[in-house]
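Chains as they are written, first to last, in numbering that gives the first Met the number 0: chain A, 0 to 341; chain B, 0 to 266. Ideal Cβ placement from N, Cα and C applies to all residues, glycine included.
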Amino acid sequence: MRRLSFLVIVAALALLPVLWPDPYLLSVVAAAGIMIIAAISLNLLLGFTGQLSLGHAAFFGIGAYTSALLSLGFDVDLGFSSPLVVAPKPVWVAFAGGIVMASLFGWLLGKVAFRVRGAYFVIVTISFAQVMRMVALNWVDLTEGPMALVSIPPLSLWVPGEGVVRLVSKASTYWLVLAAGVLAYVIVANLVRSRIGRAAIALRENEVLAKSIGIPVTRCLIVFSVLSAGIAGAAGGLYAHTVRIIDPDVFLFIYTITMVIMVIAGGKGTLAGPVVGGLIFGLLPEMLRGVVAPEVQWMIYGALMILILLFMPKGIVPAFGGLLKRGRISVRRPSATQGASS
Amino acid sequence: MTVSAAEQPETLLSLSGISLRIAGLQILSDVDLRVEPGRIVSLIGPNGAGKTTAFNIISGYMRPSAGSVHFLGLDITGKQPHEIAELGLVRSFQRTNIFGNCTVFENLLTAFHMQGRSGLFGAIFRLPAFQREEQALEARTREMLGFLELEHRADDLAANLSYGEQRLLGVGIALAARPKLLLLDEPAAGLNPSETEDFKQMVRRVADSGITILLVEHDMHMVMSISDYIVVLNQGHRIADGGPADIQSDPEVIRAYLGSGLQRAKA
């Protein structure tokens with residue numbers, strides 16, 4: 000049942016460019032989709048292990064910059080008269096490199112999370128993103144600083160009958176983002192409904208108790224932050240190769256905040272939460288554009304968020320999931336309380 | 000004195016010379032304790048005697064200033080809680096004993112963590128081995144629900160259970176970790192008399208299934224009726240040990256702790 004509705008939704012989304020081939024619409028949805036992937040990755044950490052990372056844009060940016068730089072090639076002088084020259088790599092190799100680099104930093108963050116929790120962890124993550132932004136701004140040899148990295152090559156794909164196609168059309172970008180999004184969603188869904196996923200939730204719910212039943216809390220946190228960072232890095236790579244220009248602003252705090260809003264409004268700790276939240280808060284600014292003045296846009300944005308949190312403090316998905324009786328991870332059990340819902 | 004507990008295989012758990020000082024305060028001083036397999040051992044004493052601290056040291060949540068803890072002949076002093084749990088020494092907690100926002104079923108399924116082997120790869124790709132293991136764990140979870148008599152609550156959030164049921168679930172979570180030695184920290188606190196009676200029966204059933212139990216409890220009626228052996232702590236010192244009858248007649252124990260409680264225990 001769940002699987003069927005999932006497939007129907009994916010199929011409907013995949014048909015969108017055919018049914019409604021409006022390039023503006025497709026590029027808006029694709030841009031929102033990239034943010035949704037980032038939100039899915041944040042949810043893995045915030046929603047399931049309960050650790051609030053306010054530097055998540057850093058992984059996004061690291062993925063974007065690494066992927067862009069590897070595909071463009073670069074040479075920098077590391078000092079000690081040892082120049083590092085990297086020739087341009089195939090785009091998919093660069094993309095994978097971006098994921099690996101982001102994961103490495105995720106591993107580092109997981110190590111830190113082992114030592115500091117709560118507010119301290121939040122501060123560490125904010126500082127981390129700020130440092131990354133400073134590096135991107137000031138290491139001009141490598142990143143071009145505020146002049147931005149331009150002419151980033153697009154991803155390409157071999158299509159039967161057509162040969163190698165550069166994914167530059169709005170429709171192909173849309174499909175690329177959709178495929179990546181579905182992959183990220185399935186990975187997270189499978190992960191969460193498994194032994195290690197339950198261990199992470201146990202850590203979120205009651206760390207002391209989790210340890211007492213033999214859950215290696217540290218290892219669990221590291222695994223989740225590596226995966227979370229990796230997926231965020233993939234979102235960053237997608238951004239770099241579809242927008243094809245990146246500047247240090249990708250590290251801005253506002254992007255992290257946008258991800259957090261998407262996750263919290265949609266419902267943290269639920270699978271569909273970041274998707275629903277991401278669609279609303281990713282598409283809303285574009286939908287309001289031209290309808291109302293820009294200042295009013297942000298007021299509506301803010302008011303909507305407050306209303307959601309006021310009336311649905313756990314987020315949209317749990318609120319409606321309660322009505323539909325399936326917001327939670329379901330377990331096959333003969334239930335005595337079925338049919339009690341309205 | 001210098002005989003290591005490790006050389007005596009009949010001892011499951013032994014504490015030798017355990018002391019703990021925190022900022023000039025002597026919480027425990029030179030406490031020895033021995034738990035033989037297959038028994039129900041109780042640790043009693045007035046509030047502040049150091050009972051829960053002793054539990055924290057045994058289960059790895061605190062590190063003693065001096066002394067050592069041996070379990071199954073291994074020195075486990077200073078090991079991480081999850082490492083100690085892996086060896087088969089599992090505890091329950093006074094208060095924080097459930098995963099509130101998960102269903103009862105999920106609580107127990109989570110607690111079977113150590114009985115699983117599947118990793119990241121199997122989970123993401125839903126490999127057949129992973130699926131088999133999940134089914135096996137779910138079957139065991141249902142079994143445990145039956146043992147706890149909580150089947151009718153399986154799909155309810157643990158936070159919505161009654162207090163007595165939450166305590167029961169807490170023990171179930173500890174049992175799911177397959178302990179050889181189970182530490183129960185005031186399991187009957189706050190239970191009404193009939194719940195306490197049910198709880199006592201369950202502790203018996205657990206003990207009969209071959210699990211050794213170390214119990215901290217204030218309900219003297221329960222302690223005296225189910226313990227094989229009792230150790231009394233007072234102000235960080237061990238002041239007495241022996242069978243229930245010996246303890247009830249020990250003048251120092253009566254003075255320090257039992258007092259009027261003795262009458263209730265005999266009633």
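Contact set for residue i: own chain, Cβ-Cβ below 8 angstroms, skip 5 residues either direction
i: G16 of chain B; result: D29, V30, D31, A65, G66 and S67
i: S91 of chain B; result: G169, V170, I172, A173, L181, L182, L183, D184 and P186
i: F47 of chain A; result: V191, G196, A199, I200, R203, F223 and G268
Cβ of residue i within 7 angstroms of any chain B Cβ
i: R2 of chain A; result: no
i: L190 of chain A; result: yes
i: P247 of chain A; result: no
i: L6 of chain A; result: no
i: A271 of chain A; result: no
i: R288 of chain A; result: no
i: P215 of chain A; result: yes
i: R194 of chain A; result: yes
i: A201 of chain A; result: yes
i: I151 of chain A; result: no
i: I263 of chain A; result: no
i: E285 of chain A; result: no
i: G326 of chain A; result: With a pLDDT of 42 at G326 of chain A, under the threshold of 50, the predicted position of this residue should be treated as unreliable, though the coordinate-derived value follows. No - not a single Cβ of chain B is within 7 angstroms of the one on G326 of chain A.
i: E342 of chain A; result: The requested residue 342 of chain A is not part of the displayed model; chain A covers only 0 to 341.
i: A335 of chain A; result: Model confidence at A335 of chain A stands at a pLDDT of 42, short of 50, so the residue's coordinates are unreliable and nothing is read from them.
Residues near residue i in its chain [Cβ-Cβ closer than 7 angstroms; skip 5 each side]
i: I225 of chain B; result: I39, K199, V202 and R203
i: L111 of chain B; result: In the sequence under discussion, the amino acid at residue 111 of chain B is Phe, which differs from the Leu named in the question. Around F111 of chain B: L136, R139, T140 and A175.
i: G236 of chain A; result: G62, A63, S66, F94, G97 and I98
i: R165 of chain A; result: P153 and S155
i: I33 of chain A; result: V176, A234, L237 and Y238
i: D249 of chain B; result: A239
i: Y162 of chain B; result: G189
Cutoff 6 angstroms; reference residue i; Cβ partners in own chain excluding five residues on either side
i: A128 of chain A; result: G54, A56, A57 and F250
i: S26 of chain A; result: K169
i: A318 of chain A; result: M311
i: A37 of chain A; result: F59, A231, A234 and M258
i: L51 of chain A; result: L45 and V121
Contact list for residue i against chain A, beta-carbon separation under 7 angstroms
i: P80 of chain B; result: K210 and S211
i: V30 of chain B; result: Those within 7 angstroms of V30 of chain B in chain A number zero; the least Cβ separation is about 21 angstroms.
i: D251 of chain B; result: The sequence shown places Glu at residue 251 of chain B, not Asp. Those within 7 angstroms of E251 of chain B in chain A number zero; the least Cβ separation is about 33 angstroms.
i: E148 of chain B; result: Per Cβ cutoff of 7 angstroms: no residues; E148 of chain B is ~14 angstroms from chain A at best.
Minimum Cβ-Cβ distance from residue i to chain A less than 7 angstroms
i: S117 of chain B; result: yes
i: I210 of chain B; result: no
i: F98 of chain B; result: yes
i: I123 of chain B; result: yes
i: V84 of chain B; result: For the record, residue 84 of chain B in the displayed sequence is Ala; it is not Val. Output row for A84 of chain B: interface = yes.
i: A176 of chain B; result: yes
i: G235 of chain B; result: no
i: L12 of chain B; result: no
Chain-ordered neighbours of residue i on chain B, where CB pairs are closer than 9 angstroms
i: V207 of chain A; result: Y60, P80, F92 and T95
i: S40 of chain A; result: The premise fails here: S40 of chain A is roughly 14 angstroms from chain B at the closest Cβ pair, so nothing lies under 9 angstroms.
Chain D residues whose Cβ lies nearer than 8 angstroms to that of residue i
i: A198 of chain A; result: In summary, chain D is missing from the structure at hand, where the protein chains are A and B.
Within chain A, partners of residue i - CB distance below 8 angstroms
i: G189 of chain B; result: Correct list: empty, because the minimum Cβ distance to chain A is about 18 angstroms.
i: I57 of chain B; result: Under the 8 angstroms cutoff, chain A gives no residues; its nearest Cβ is about 11 angstroms from I57 of chain B.
i: A173 of chain B; result: S211 and I212
Partner residues on chain A for residue i, Cβ-Cβ distance less than 9 angstroms
i: V89 of chain B; result: S211, I212 and G213
Chain-ordered neighbours of residue i on chain B, where CB pairs are closer than 7 angstroms
i: I186 of chain A; result: I123
Partners in chain B for residue i, counting only beta-carbon separations shorter than 8 angstroms
i: V222 of chain A; result: L119
Inside the stretch 28-85 of chain A only - beta strand (DSSP E) runs reaching at least 3 residues: 73-76 and 82-85
Any 3 or more C-beta pairs closer than 8 angstroms across the stretch 17-33 of chain A and the stretch 166-186 of chain A: yes
Stretch pair the stretch 222-239 of chain A + the stretch 58-67 of chain A: three plus CB contacts closer than 8 angstroms: yes
Cβ contact check for the stretch 188-196 of chain A and the stretch 114-134 of chain B: 3 or more pairs under 8 angstroms: yes
At least 3 beta-carbon pairs within less than 8 angstroms: the stretch 265-273 of chain A vs the stretch 35-49 of chain A: yes
The stretch 45-61 of chain B in contact with the stretch 241-248 of chain B per 3-pair CB rule at 8 angstroms: no
Runs of alpha helix (DSSP H) lying entirely within the stretch 148-207 of chain B, each at least 4 residues, in chain order: 162-175 and 192-207
Cβ contact check for the stretch 135-152 of chain A and the stretch 236-243 of chain A: 3 or more pairs under 8 angstroms: yes
Any alpha helix (DSSP H) of 4 or more consecutive residues that is wholly inside the stretch 218-278 of chain A: 252-265
Cβ pair count under 8 angstroms reaching 3, the stretch 95-103 of chain B against the stretch 126-135 of chain B: no
Segments assigned beta strand (DSSP E), at least 3 residues, entirely inside the stretch 109-191 of chain A: 155-158 and 162-165
Unbroken stretches of the alpha helix (DSSP H), 4 residues or longer, contained in the stretch 84-159 of chain B: 103-110, 119-124 and 127-147
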